[in-house]
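Only one structure is covered here, and it is reproduced in the block below.
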Amino acid sequence: MGIKIISSGLLTTIQDIGRYGYQKEGIIVSGPMDAFALRVANLLVGNEEGAAAIEITFLGPKILFDSDHLIAITGGDLSPTINGEKVKMDRPVFVPQGSLLQFGAPGLGSRAYLAVSGSFTLPKVLGSYATFLRAEVGGFKGRALQAGDFLPTADPTVIGEMLLTNLLKKTTRSNWAQASWTPMFPLFPRLERSPTLRVIKGPEYALFTPASQQAFWEQEFTVTTDSDRMGYRLQGAPLLLEEPKEMISSAVTFGTIQVPPEGHPIALLADHQTTGGYPRIGQVITADFSKLAQVPLGQKIRFQEISLPEAQQLFIQQEKTIQEIKRAIGYKVKF
Amino acid sequence: MEHPLAPEALTELNVYPLGDAAVVLEFGDHINRLTQRHIQDYTAYLDQHPFPGFVEYVPAFTTLTVYYDPWVVSQQGTQSPYHTVVTYLTEMRLHVKDSPEKPGTKTVEIPVCYGGKYGPDLEYVANLHGIKPKEVIELHTQTTYLVYMIGFAPGFPYLGGMSPDIAAPRKDKPRAKVPAGSVGIAGKQTGVYPIQSPGGWQLIGRTPLQLFNPHRDQPSLLQAGDMIRFVAITEKQFEKKRGAANGH
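Taken in order, these protein sequences are the chains called A and B. If you read the first sequence in this note's numbering, its first letter stands for residue 9, the second for the next number, and so on. If you read the second sequence in this note's numbering, its first letter stands for residue 2, the second for the next number, and so on.
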C-alpha cells in the first residue's frame, strides 16, 4: 500500500508537526510552514493532528495511488484534480486504486498539504518525520520527493474508515468521491493575496530610528524571490538603527523579523536557524503563521502592531478552533 | 571577550518575550564563564522540573530562551500565559542557586589533521601573523576551549578562549561548500563545521569525528558547557579514524 510520485513538483516534502527538543543542539524544528493546514488535513482523514503529511509548494507533484485511500488536501489552493476532475479542498476525499492526483495553476496561497488516512510508514528521526533538508534528516531519505519515489502507507485509522464508510454511501468504490461538508469556523485562517500580518514589537525595536519604526508599520514589503523555507527576504525602504549595534547571538524563532545591517528584513520560517545575531524588530504572531506561510513570492505584505496579551488570546482561540474541528469530525463519524 | 570577574552576571536578570510562545532570560551582557555556568545550572534545573506547557530551551552566550505552549499554560491559571511562565521562571531562580554541584564538566578531545588538503587556509593564517604553520597549530592546540553555545547548524559549537595571535578575518567570498568536520577561524573565534554547508571561515584543518549524527541518542557530540581540546593528528591517522567513524 502506498503512493507513487510520478513527478516531483517544485518542492514536495514530508512534514509532521515538527522536531522539538533538539534546538539546544542546533537542530531546527522544521515541520510545516502552515501548521494549521497540516493539522486540519490530518484531522479530516482521522489521523493524529501532528502526523506526517506531504507539504506541496506552489507547483504541485503528480501522484499515483497504488491502493484505495482516504485523503484530504488543505492550505493553499493549488488547483488539485483527480483523474482530471477538480477536487474541493478541506474535506475527506476517497481515491480508488490507480487514481492520479495532479495540481494546476496556483490560486490563493502557495502551500498545500496532503494527508492520507493512516499516514506514511517511514522511519522517525529524533522523534519526528519532518524533513530537515540542509542536514538531510527525516522525511523521505532526508530529501525532497522525486519522481519514482514510493511512499508506503499504513492502514487507514478507525476514524478514517468510518469517514470513508459515510462517504461511500453515495458512491461506488470504483469512483473517486468527496465529502459534501467542510469544517468552516470563524477563525479558520482566510488566505489573502497581500495580507496584513499582526506583529509584536521585537526586543530590539527601540534601537531603530523613529523614521524606520514608522516605515515598518506603514510601508508595504515585497516578499522577494530569493526566499525559502528558512525565511522570507523582504524588500522595502531600508530599516536602520540609530547607531550600529554588535549583538551577542541569541535564540530566534518562527516569525522573528530580523534586520541585517543593509536594512532589508528577513521573516524567519519553519527552517529557521536556532540562533541569530541581527536586531529583531518584530515578531509575527502564531495565529498569523498560516497567512505568512501562504504568501506567494513576489507578493506584498504589511505589518500591524498587536500586544502580547492579545496575541496569546488569538493563539488560544486558534487552538479552540482546532478542537471544534475535531469535535465536528467526531459528529460526522457518529451520524 | 573574557571577563572572569563579573558577579553582576548573577544578579542582573532581564526578562522579555520572544513572540507569543517564548521568553528570554538575559543574564547581563558580558560573555564570561560565570554567566555560562549560571545558564547551565538553570537548564539542569529545568530538565528536572519542567512546567506544564514547557516545550524546550535554547541556551546562548548570555541568554536562555524558553519555549512554551500558551494553550497548555493557559489552562494552569488566570494570569496570561506569558506571566504564568515568567512567574515560574523567576521563582525557579531562587531554587537554582541551591541546586547541588553538578558532576565535573566533560572535556572532549577533537583530533585534527591540520594543513594540506584538509586545511587550505593554514598557510594564510600563518603568513598573516608572520609565523610558521607549525606555530599556528601549537597555538590552536594548547588551549582548552569552552563550548559557550550550539547554534547556526546542528552541533556547531561556539567556542571561547582562542589565542588572539592566530585570529584571522573571514574570507571575502564564502566557500559554497565547506566539508563536514572542517576546523575554521573567524576573527577571534574558532569552531568546527558539523555538516557540509556554505561558510566564510578560514579553514586550518579537519577532524574525522562526527560532530553531528542524527542516529545517536544525543545527536550533537558537544553540548554547551563542555570543554574541548584540539589534538593534532597525521593524514594517515585521519584516514584511519574516519574509516572507523564510518563503520568500515
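Cβ coordinates follow ideal geometry from the N, Cα and C atoms, glycine included.
Asked                                                                                                                                                                            : Found
At 4 residues or longer, and completely inside the stretch 13-101 of chain B: list those alpha helix (DSSP H) runs for me, N to C.                                               : 34-49, 71-75, 82-99
Could you tell me which residues DSSP pairs with residue 158 of chain B in its beta bridges?                                                                                     : B:151
Count the other CB atoms, across all protein chains shown, that sit within 10 Å of the CB of residue 42 of chain A; report buried if there are 16 or more and exposed otherwise. : buried
Could you say which of A:83, A:76, A:259, A:103 lies nearest to residue 89 of chain A if we only look at CA atoms?                                                               : A:103
When the cut-off is 8 Å and only beta carbons count, does residue 315 of chain A lie next to chain B?                                                                            : no
Determine whether the beta carbon atoms of residue 268 of chain A and residue 240 of chain A lie at a separation below 8 Å.                                                      : no
Between residue 28 of chain B and residue 73 of chain A, what straight-line distance do the alpha-carbon atoms span, to the nearest angstrom?                                    : 55 Å
Name the chain A residues whose beta carbon is nearer than 8 Å to that of residue 202 of chain B?                                                                                : Here the premise fails: no neighbours, minimum Cβ distance about 15 Å.
Quick one: using the 10 Å Cβ neighbour count with 16 as the cut-off for buried, is residue 235 of chain B buried or exposed?                                                     : exposed
Using 10 angstroms around the beta-carbon of residue 278 of chain A, count the other beta-carbons present and answer buried if the total reaches 16, otherwise exposed.          : buried
If you run the structure through DSSP and keep just helix, strand and coil, what is residue 178 of chain B?                                                                      : strand
Helix, strand or coil: which one does DSSP assign to residue 228 of chain B?                                                                                                     : strand
Using Cβ-Cβ distances below 9 Å, what residues of the stretch 121-152 of chain A are close to chain B?                                                                           : 133, 134, 140, 142, 143, 144, 145, 146, 150
Candidates A:33, A:46, A:9: which alpha carbon is nearest residue 197 of chain A's?                                                                                              : A:46
Determine the direct distance from the alpha carbon of residue 172 of chain A to that of residue 265 of chain A, and round the result to whole angstroms.                        : 43 Å
For residue 66 of chain A, which three-state DSSP category applies?                                                                                                              : coil
Whose Cβ in chain B lies nearer than 7 Å to the Cβ of residue 291 of chain A?                                                                                                    : 19, 20
Under the rule that 16 or more other beta-carbon atoms within 10 Å means buried, what is residue 160 of chain A, buried or exposed?                                              : exposed
Given residue 19 of chain B, which residues of its chain have a CB within under 8 Å of its CB, disregarding the five upstream and five downstream residues?                      : 25, 66
In the DSSP assignment, the alpha helix (DSSP H) including residue 130 of chain B goes from what residue to what residue?                                                        : 123-130
Should residue 192 of chain A be labelled buried (16 or more other beta-carbon atoms within 10 Å of its own) or exposed?                                                         : exposed
Beta-carbon of residue 134 of chain B versus every beta-carbon of chain A: anything under 8 Å?                                                                                   : no
Assuming residue 64 of chain A contacts residue 111 of chain A under a Cβ cut-off of 8 Å, what Cβ separation, rounded to an integer in Å, is found between them?                 : 7 Å
Counting pairs of beta carbons, one from the stretch 206-223 of chain A and one from the stretch 178-185 of chain A, are three or more of them closer than 8 Å?                  : no
For residue 81 of chain B, would you say it is in contact with chain A, using Cβ-to-Cβ distances shorter than 8 Å as the test?                                                   : yes
Report, in whole angstroms, the separation of the C-beta atoms of residue 84 of chain A and residue 61 of chain A, which I expect to be a contact under 8 Å.                     : Not really, about 14 Å apart at Cβ, beyond 8 Å.
Is it buried or exposed, residue 333 of chain A, if we count other Cβ atoms within 10 angstroms and call 16 or more buried?                                                      : buried
Does the beta-carbon of residue 106 of chain A have 16 or more other beta-carbons within 10 angstroms, so that it is buried, or is it exposed?                                   : exposed
So if I threshold CB-CB distances at 7 Å, which residues from the stretch 239-262 of chain A count as touching chain B?                                                          : 256, 257, 258, 259, 261
Between residue 245 of chain A and residue 223 of chain A, is the Cβ-Cβ spacing less than 8 Å?                                                                                   : yes
Measure the alpha-carbon distance for residue 51 of chain A versus residue 329 of chain A and round it to whole angstroms.                                                       : 12 Å
How many Å lie between residue 34 of chain B and residue 63 of chain B at the Cα?                                                                                                : 10 Å
Specify the secondary structure class of residue 10 of chain B as computed by DSSP and reduced to three states.                                                                  : Residue confidence is low: residue 10 of chain B scores 44 on pLDDT, short of 50, so the model does not pin down where it sits. Its coordinate-derived value is still stated next. If DSSP states are grouped into helix, strand and coil, residue 10 of chain B belongs with the helices.
Rounding to the nearest angstrom, what Cα-Cα distance links residue 1 of chain B and residue 261 of chain A in this structure?                                                   : This structure gives no information on residue 1 of chain B, because the portion of chain B shown stretches from 2 to 249.
Indicate whether residue 163 of chain B and residue 191 of chain B have their beta-carbon atoms separated by less than 8 Å.                                                      : yes
Can you check whether the CB of residue 168 of chain A is closer than 8 Å to the CB of residue 291 of chain A?                                                                   : no
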